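Novice:
Numbering (our numbering), first residue to last: 25 to 817.
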């Protein structure tokens, strides 16, 4: 092209030069002709010659002009050709730049597979240089074309490549300069270049696309798995899932929803609304409350919508009615369904049956307020009811009564017959109490064998006492539990409102004090509270707390009071008396023995006394040779223990004291209340060889009928009988009679509290066996008593 442009330019220059040559020649020829034609003699030219000269000059000019015109046209053609050529070069360069910067590789291939030309993208895609691809075969880039030798084979290879996902190009496999194989998109078009058949191949690196497609497929697979998982979860979820439209009509129900409502999905979807299964009264009530709150009319469905808007994620309990008419309590979570435009399209309801939990909560609440064994109100519920009753009584200026009831010796039943029998007794007693009371009266169990009867409305104090007597009569009939016929008696404490207290705490405390007073006065009785009954003082509570540490701090001491033979005056024995040395002073037994019994410490303390007294007595008998008998008090709590016999036996073995040297003293009141049980235990103790003495004899006169059945060695006359002896004729005769009765029963008599010589003489004269008291000998410390024995030896 450039050669043709150059030839045109040269032709234009040649014509331009020729034009000037023709013009110059024509003019010279015309001048020469004019000069030749002019006569030397100056004769004028002929007209024909003039015309010829003018014509020749004009022809030269015209020829010059024509040649110039042709030269200009040739120049313009050359300029135009140059411009077109430059435009073609620019277009070619631009096209080359476009082809080189495209992401797709473009190469021309001969029918035999030889690479004729490539763009820069091919170098970038495959990593080859221009020199490496010059005259290379297509198989260098496409391994699949390696076996193609003829044009038809290449055509076959190109046609056999499978279509891509886009449906336009075909897919094959390329190989980079590094040897790495990668996916390629291949598009082939046949072309004719200057009469030669060629192939124009468009190549596109599909590595990123394949990775993207794999990621898309993996994501789609994950989405499908998630959808399937969601479907499985929803299908197998233990809770019901409902999808409702904005009108509340079921759109979707899972199997749990079918089970919850008792209805098949085909009977629900598109046919029913949730209103059919909600309890109408509850929905109407909630709609009414919501309408009052919003001050707007509210429909039943609005209640569900309001829950979804105002309490998303907060479940509420609804009572529902199944298709068979049965009801259940369901916990429902309502969520609004919103489309991409923010419009509500329906509701998602998730529900599960909480009937069992609801009933369990009610049961727990009942258990929290009721006794598990008897189902009577417990202490918590009693206190709430007492507060309510007191408020009513204060408002109406009425009267109330409260009774505390404790079953006497109930522990014996549990220890001897077992707790299952004891529980049956408690159940029967609670049934009797409930049956004997009015519907408005309250019967509660505080725990153990303690009951409370609350009379919210009485007219006067006497009414409370009458009802207490009625309660007492409930216990007259024996309790029959299987083959066991049991006699159960109560100690009843009565407190009245407003006389004995105007608040719950005071009223309960005073009734409790009255009940303990009834137990202290002999049990099986009714005691009305009085001001003389006082609760433990803070000092007493502090003393009780310190008593817990008395053993570990080694604060317990034993004093010994000698016992003398009334006839000879010699020492026959000693009574071990417990003392508590606390903070440098001795605490009187009257201040701490009752505390020890109530707290149960008397068991460990009593064992300590028994072991210490036996050890000391054994040492004294060996050191002094005096056949001393040691007397140790046995409390009612110790006597109640099943291991008392084994404990005494073990102490005797450990200390080495001969059993006949030990005498156990038991209070007569214990023998009176527990005659059968006491007789059995005393027989077992007697079998060990120890002596048995009844302390405070004569106080429990009702026990006289049982004396002949008890294995007793000695009676200890209570000090109260000696107060008027010998001045009082009546007291003297009573003491003489008691001494005589003991001798008739072949039981020894020991008189306590001998304070005067006259009393000692009276006892000796009436045949009393032994005596002890301040007149004869005060309680002595261990060392002092040992010294006394050594002096008398």
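Every residue gets a Cβ at the ideal spot worked out from N, C-alpha and C, and that includes glycine. Being a predicted model, the structure only gives us computed values, none of them experimental.
Determine the direct distance from the alpha carbon of residue 633 to that of residue 434, and round the result to whole angstroms.
Specialist: About 28 Å.
Novice: Could you tell me if residue 215 is buried or exposed, where buried requires 16 or more neighbouring beta carbons within 10 angstroms of its beta carbon?
Specialist: So residue 215 counts as exposed.
Novice: The alpha helix (DSSP H) that contains residue 572, what's its start and end?
Specialist: No alpha helix (DSSP H) holds residue 572; DSSP gives it neither H nor E.
Novice: Quick check: what's the CA-CA separation for residue 591 versus residue 473?
Specialist: The alpha-carbon atoms of residue 591 and residue 473 are separated by roughly 51 Å.
Novice: Taking three-plus beta-carbon pairs below 8 Å as touching, is the region 438-445 in contact with the region 387-405?
Specialist: No, they do not touch.
Novice: Which partner residues of residue 738 appear in the DSSP bridge assignment?
Specialist: Partner(s): 717, 772.
Novice: Do you know how far the Cα of residue 313 is from the Cα of residue 305?
Specialist: If you take the alpha carbons of residue 305 and residue 313, they lie about 12 Å apart.
Novice: Exposed or buried, residue 391, counting other C-beta atoms within 10 Å across all chains shown (16 or more means buried)?
Specialist: Flag for residue 391 reads exposed.
Novice: How about residue 719 and residue 657: are their beta carbons less than 9 Å apart?
Specialist: Cβ distance < 9 Å, so residue 719 and residue 657 count as in contact.
Novice: With the cut-off set at 9 Å, would you say residue 606 and residue 574 are in Cβ contact?
Specialist: Contact flag set, yes.
Novice: Suppose you measure from the CA of residue 774 to the CA of residue 740; what does that come to, to the nearest Å?
Specialist: Rounded to whole angstroms, residue 774 to residue 740 spans 5 Å at the Cα level.
Novice: What whole-angstrom Cβ distance do residue 376 and residue 264 have, given they're in contact under 8 Å?
Specialist: Sure, about 7 Å apart at Cβ, within 8 Å.
Novice: Just verifying my parser: in three-state terms, what is the DSSP assignment at residue 532?
Specialist: Looking at residue 532 - three-state DSSP - the assignment turns out to be helix.
Novice: I'd like the ranges of any beta strand (DSSP E) spanning at least 3 consecutive residues and lying wholly in the region 591-662.
Specialist: Complete beta strand (DSSP E) runs here, min 3: 595-606, 609-611, 653-658.
Novice: State the beta-bridge partners of residue 138 as determined by DSSP.
Specialist: Its beta-bridge partners are 161.
Novice: Return the CA-CA distance between residue 125 and residue 141, expressed in angstroms with no decimal places.
Specialist: When rounded, the distance between both Cα atoms is 15 Å.
Novice: Are the CB atoms of residue 784 and residue 767 within a distance shorter than 9 Å?
Specialist: No.
Novice: Count the other CB atoms within 10 Å of the CB of residue 690; is the residue buried (16 or more) or exposed (fewer)?
Specialist: Its Cβ being crowded by 16 or more others within 10 Å, residue 690 is buried.
Novice: Enumerate in chain order the residues of its own chain whose CB-to-CB distance from residue 449 is below 7 Å, with the five nearest sequence positions on each side excluded.
Specialist: So the qualifying residues of the chain are 437, 503, 505, 510, 512.
Novice: Taking only the alpha-carbon atoms, compute the straight-line gap between residue 670 and residue 676 and give it to the nearest angstrom.
Specialist: Computed Cα separation, rounded: 10 Å.
Novice: Among residues of its own chain, excluding the 5 on either side of residue 173, which ones have a beta-carbon nearer than 6 Å to its beta-carbon?
Specialist: Its pLDDT being 47, under 50, residue 173 is placed unreliably by the model, and nothing is read from it.
Novice: So, is residue 317 buried or exposed, given that buried needs 16 or more other C-beta atoms within 10 angstroms?
Specialist: It is exposed - the Cβ of residue 317 has fewer than 16 other Cβ atoms within 10 Å.
Novice: May I have the straight-line CA-CA distance separating residue 743 from residue 464, to the nearest angstrom?
Specialist: Roughly 51 Å separates the two Cα atoms.
Novice: Could you compute how far the alpha carbon of residue 289 sits from the alpha carbon of residue 245?
Specialist: Near 29 Å, if we compare the C-alpha coordinates of residue 245 and residue 289.
Novice: So what's residue 383 in DSSP terms, helix, strand or just coil?
Specialist: Helix, per DSSP.
Novice: Going along the chain, which residues of its own chain have a beta-carbon closer than 7 Å to the beta-carbon of residue 207, five neighbours each way excluded?
Specialist: Excluding residues within five positions, the ones whose Cβ falls inside 7 Å are 195, 197, 230, 231, 234.
Novice: Leaving out five residues before and five after residue 610 in sequence, what residues of the same chain have Cβ atoms less than 8 Å from its Cβ?
Specialist: Around residue 610: 581, 603, 604.
Novice: Counting only the same chain and skipping the five closest in sequence on each side, list residues whose C-beta sits under 7 Å from that of residue 460.
Specialist: Cβ within range, chain order: 494, 495, 498.
Novice: Report buried or exposed for residue 572, applying the criterion of at least 16 other Cβ atoms within 10 angstroms of its Cβ.
Specialist: So residue 572 counts as exposed.
Novice: Is the beta carbon of residue 203 closer than 9 Å to that of residue 169?
Specialist: Their beta carbons are not under 9 Å apart, which means residue 169 does not touch residue 203 by this criterion.
Novice: For the beta strand (DSSP E) that contains residue 402, what are its first and last residues?
Specialist: Residue 402 -> no beta strand (DSSP E), and no H or E assigned at all.
Novice: Which residues in the same chain as residue 175 place their Cβ atom closer than 7 Å to its Cβ, once the five residues preceding and following it in sequence are excluded?
Specialist: With a pLDDT of only 48 at residue 175, under the threshold of 50, the placement of this residue in the model should not be trusted; the figure read from the coordinates follows. Only 135, 136 meet the Cβ criterion.
Novice: Leaving out five residues on either side along the sequence, give the residues of the same chain with a beta carbon under 6 Å from the beta carbon of residue 793.
Specialist: Counting only Cβ-Cβ distances below 6 Å, and skipping sequence neighbours, we find 772, 773.
Novice: Is residue 391 close to the ligand MN? I mean its beta-carbon at under 8 Å from any heavy atom of the ligand.
Specialist: As far as ligands go, the structure on display features none, and thus does not contain the ligand MN.
Novice: Taking DSSP's pairing of strands, which residues face residue 588 in a bridge?
Specialist: DSSP lists 595, 795 as partners of residue 588.
Novice: Label residue 118 either buried or exposed according to how many other C-beta atoms from any shown protein chain fall within 10 Å of its C-beta, with 16 as the threshold for buried.
Specialist: Answer is exposed; the Cβ neighbour count stays below 16.
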